[in-house]
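Peer 1: Numbering (UniProt numbering), first residue to last: 1 to 135. My questions all concern the structure below.
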């Protein structure tokens, strides 16, 4: 019986993984989620300061994408100047264990991946090296 359940998941072709990775797609979404997990509610400019190398346009796009996906809630206050707060929805907050696992993996393995990048003649680096070591 357990075999049928597992084979049913493999028949989906990784759709759940693909869908989850699409939600976290891009360089910034995971980092934005991380900051919103830490501080609950942040204004646009506070996020922009914490992500100093992101453009306002990219930050706005990433927040909009996560809002459409139901991960982030945007609250607009009718004041002048306009005030907009961003917070995580329950769905966004449910990604906390995923982000923690990614953070742990990075803490444990990033040095070896970066070290491999310094020696390009010794073999593949980045995702190619990770895929070969996983195989």
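Where a beta carbon is used, it is the ideal one built from N, C-alpha and C, also for glycine.
Taking DSSP as the reference, what is the three-state secondary structure of residue 40?
Peer 2: Coil.
Peer 1: The alpha helix (DSSP H) with residue 91 in it runs from where to where?
Peer 2: It spans 90–93 - the alpha helix (DSSP H) in which residue 91 sits, taken as one unbroken run.
Peer 1: Within the same chain, show all residues whose beta-carbon is closer than 7 Å to that of residue 24, passing over the 5 residues directly before and after it, in chain order.
Peer 2: Result list for residue 24: 30, in chain order.
Peer 1: In the structure shown, what three-state DSSP assignment does residue 85 receive?
Peer 2: Correct three-state label for residue 85: strand.
Peer 1: I need the straight-line Cα distance from residue 12 to residue 65, nearest angstrom please.
Peer 2: Residue placement at residue 12 is poorly supported in this model, since its pLDDT is 47, which falls under 50; the coordinates still yield a value, given next. In a straight line, the C-alpha of residue 12 is about 25 Å away from that of residue 65.
Peer 1: How many Å lie between residue 42 and residue 112 at the Cα?
Peer 2: Their backbone Cα atoms lie some 34 Å apart in a straight line.
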